[in-house]
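Trainee: Dropping a structure here in structure tokens format, bear with me for questions.
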Amino acid sequence: MLTALVLLCLGAFLLLLQLRIRRPQNFPPGPTPVPFFGNLLQLDRINPLKDFDKFAQQYGSIYGLFIGRQPAVVLTGQKIIREALKTQAVEFAGRSDNMMVSHISKSKGVVLANYGESWREHRRFALTTLRNFGLGKRSMEQRILEEVKYICSHLEKSAVKSIDPQHLYHQAASNIIASIIFGSRFNYQDEYFQTLITDIERLARISIGPWAMLYEIAPVLRIFPLPFHKAFQYYRRIVNHILKVVNEHKKSHVTGEPRDLIDCYLEEMEKRADQGTTFDDSQMVTLLLDLFAAGTETTSSTLRTLTLYLMTHTHIQEQCQREIDEVLGDREHVTFEDRNAMPYVQAVIHEGQRVADIVPLSVFHTATTDAQLRGYNIPKGTIIIPYLSSALREESQWKFPHEFNPQNFLNEKGEFVKPDAFMPFSVGSRVCLGENLARMELFLILVTVLRRFHLVWPEDAGEPDFKYIFGGTQSVKPYRLTVQLRKPVNLQ
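The following block contains the structure:
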């Protein structure tokens, strides 16, 4: 009996020794990890950002964590984030190949693709094609303004009652990027459109939830029929949805006359057919999904945040409207160029992006090689977490870091200025592809809506709640919106 007990204790000791997480030599300091879980149990599951702040206060602007047995380095504050992602861009431009979302997408496309030639080619293709389809030009303005008509029409019909603007903004942002990708917008009630959006939302929820974390830290669980398998099912459904449109394009597309991004990709495939290219159907579908998802969530969530703050800070809304009226006068439409004459509106929009803090932990990077940062060793494959939220509310960088105040983006003369700490889309070689599109959408949509409507907090809605729901992206809690017509504006 004693022998068996000794052997059991010895076995348990050896197992713990085997599971013990060893901190690499000269690795950044950080909290002590526990076997199997690493530091995950020390992070709040609902919202870990306060824990990230606490660790930064204790260990400094760079510290080490373990996600299971996987080492990770957290970068806090705009200086070290820029130093790592811009000054040492190549060393820290990788993506993890152990995350569930990477396995689902097989690391294709651009957002989750591994750093290398395929990623560079597809990112270059996407940026060039977006520019060719009018990004930053008048033709893109027309696409956005066309969608704004549907937003305003919906708001006008709902003027006598309160609505939840979440789906309206989400569908509008989806439709704008869909017009570039698929060549046409969808009716908001379109079954194909609704199914695609719903499946993407479901995929996102699982991919950033606790089951995804278990998938990553306990590979042995992958053989069991657990909920994370649904994420793979949703992804296959999304792929099949997109492939239907791709196959229709293959039948109707005319070389030299591209209607949208799909046609452009098909032509690129034809050009590279004899070159052993990485351009193929599976890469195309993942790229389309990347653009569709990235071009939707950031814009719609920022619009919801801006709407909430403008409803509850009426003096800011009124000052925006005075500036809009003064600049546009009797003109029928706003143009993106008008932003240069609207410093206050620009400041409000950027302040909305800052406080919305949509992707507080960015998309995780990895070290592509053994590297050094601030004198610490960063082994190849280490996860790099740019804590963007820390820069967006860094006390030394902002006049009013913890409140919604457009003065954060205005100088003493009332001119629009953009501090270095403003990085809601990250920085460096993997900065968000949709940044320029989002800037154009936010300006044109907000100006048009504010020109036509007063945004009003419903009388029966109680006190506004400015707390956030944390996830892969962060968003304000659901709320109701009431609008009042300001004056007739011809949107036709």
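Numbering (this note's numbering), first residue to last: 74 to 565.
Ideal placement from N, C-alpha and C gives every residue a C-beta, glycine not left out.
Would you decide whether GLN445 is buried or exposed? Buried here means 16 or more other CB atoms lie within 10 Å of its CB.
Mentor: exposed
Trainee: Just grab the DSSP bridge partners of LEU148 for me.
Mentor: ILE135, PRO459
Trainee: Do the region 249-257 and the region 363-372 make contact, defined as three or more Cβ pairs closer than 8 Å?
Mentor: yes
Trainee: Can you name, in chain order, every residue of its own chain whose Cβ lies under 7 Å from the Cβ of ASP336, other than the five neighbours on each side?
Mentor: HIS322, HIS326
Trainee: Buried or exposed: where does ALA443 fall if 16 or more other Cβ atoms within 10 Å of its Cβ makes it buried?
Mentor: The question names Ala, but residue 443 is Asp in the sequence shown. Exposed, since its Cβ has fewer than 16 Cβ neighbours within 10 Å.
Trainee: Beta strand (DSSP E) containing PHE526: first to last residue?
Mentor: Where PHE526 is concerned, the enclosing beta strand (DSSP E) stretches over 526-529.
Trainee: On the DSSP letters alone, give me the boundaries of the alpha helix (DSSP H) that ALA277 sits inside.
Mentor: 264-280
Trainee: Nearest CA to the CA of PRO106: which residue from ARG142, LYS303, PRO238, TYR288?
Mentor: ARG142
Trainee: Whose C-beta lies closer than 8 Å to the C-beta of PRO537 among residues of the same chain, with five residues either side of it excluded?
Mentor: LEU381, MET384, THR385, TRP530, TYR552
Trainee: Check whether the region 419-429 touches the region 489-499, counting contact only when three or more Cβ pairs, one atom from each stretch, lie closer than 8 Å.
Mentor: yes
Trainee: What did DSSP end up calling VAL633 once you bin it into helix, strand or coil?
Mentor: Beyond the ends of the chain as shown, which are 74 and 565, falls residue 633; an answer cannot be given.
Trainee: What residues match up with ALA444 in a beta bridge as DSSP calls it?
Mentor: ILE451
Trainee: For the putative contact between LEU461 and SER502, defined by C-beta atoms under 8 Å, what is the C-beta separation to the nearest angstrom?
Mentor: Contact doesn't hold; Cβ gap of about 16 Å is too wide.
Trainee: Relative to the C-alpha of ASP430, which candidate in ARG466, ASN478, LEU116, SER247 has its C-alpha closest?
Mentor: ARG466
Trainee: How about ILE457 and LEU148: are their beta carbons less than 8 Å apart?
Mentor: yes
Trainee: If we count the other Cβ atoms within 10 Å of its Cβ and call it buried at 16 or more, is LYS293 buried or exposed?
Mentor: Correcting the residue identity first, residue 293 is Val in this sequence and not Lys. So VAL293 counts as exposed.
Trainee: With a cut-off of 8 Å, does the C-beta of SER280 fall near any C-beta of chain C?
Mentor: As a matter of chain content, chain C is missing from the structure shown, which is built from one protein chain.
Trainee: Looking at VAL421 and the ligand HEM, is the gap between the Cβ and the nearest heavy atom below 7 Å?
Mentor: Here there are no bound small molecules, and the ligand HEM is not part of this structure.
Trainee: Taking the beta carbon of ASP69 as the centre, do at least 16 other beta carbons fall within 10 Å, making it buried, or is it exposed?
Mentor: Examination of residue 69 is not possible in this model, given that the chain is present from 74 through 565 alone.
Trainee: From the DSSP output, read off the bridge partner residues of VAL107.
Mentor: GLY111
Trainee: Select from TYR136, LEU113, GLN131, ILE94 the residue whose C-alpha is nearest the C-alpha of ARG447.
Mentor: TYR136
Trainee: By the 10 Å Cβ neighbour count, where 16 or more other Cβ atoms means buried, how is VAL183 classified, buried or exposed?
Mentor: Here VAL183 is buried, its C-beta having at least 16 other C-beta atoms within 10 Å.
Trainee: By the three-class DSSP mapping on this structure, what secondary structure does GLN547 have?
Mentor: coil
Trainee: Let me know the secondary structure DSSP gives GLY368 once reduced to three states.
Mentor: Helix, per DSSP.
Trainee: What are the start and end residues of the alpha helix (DSSP H) that includes TRP471?
Mentor: Taken as a continuous stretch (DSSP letters only), TRP471 belongs to no alpha helix (DSSP H), as it is neither H nor E.
Trainee: Is CYS82 helix, strand or coil when you go by DSSP?
Mentor: Summary for CYS82: the model assigns pLDDT 44, below 50, so the residue's position carries little reliability; its value from the coordinates is reported in the next sentence. Residue state, collapsed to three classes: helix.
Trainee: Among all the DSSP beta bridges, which residues are the ones paired with LEU360?
Mentor: DSSP, once it has assigned bridges, lists no residue as partnering LEU360.
Trainee: So, for PHE128: in the same chain, excluding its five sequence neighbours on each side, which residues have a beta-carbon less than 6 Å away from its beta-carbon?
Mentor: TYR136
Trainee: With respect to the alpha helix (DSSP H) encompassing GLU405, which residues constitute its N-terminal and C-terminal limits?
Mentor: Counting along the chain, GLU405 falls outside any alpha helix (DSSP H), and DSSP gives it neither H nor E.
Trainee: Is it right to say ARG197 is buried, meaning 16 or more other beta carbons lie within 10 angstroms of its own, or is it exposed?
Mentor: Under this definition ARG197 is an exposed residue.
Trainee: In whole angstroms, give me the CA-to-CA distance for VAL174 and LEU185.
Mentor: 8 Å
Trainee: Mind checking who PHE489 pairs with in its DSSP beta bridge?
Mentor: LEU483
Trainee: Give me the residue from VAL432, ILE94, GLU220, PHE352 with the minimum Cα distance to THR546.
Mentor: VAL432
Trainee: So the alpha helix (DSSP H) ILE431 belongs to, where does it begin and stop?
Mentor: From DSSP, ILE431 is part of no alpha helix (DSSP H); its letter is neither H nor E.
Trainee: Check whether the Cβ atoms of ASN481 and TRP471 lie closer than 8 Å to each other.
Mentor: Going by beta carbons, ASN481 and TRP471 fall inside the 8 Å limit.
Trainee: Beta carbon of THR588, beta carbon of ARG168: below 8 Å?
Mentor: For residue 588 there is no data in the structure shown, the boundaries of the chain being 74 and 565.
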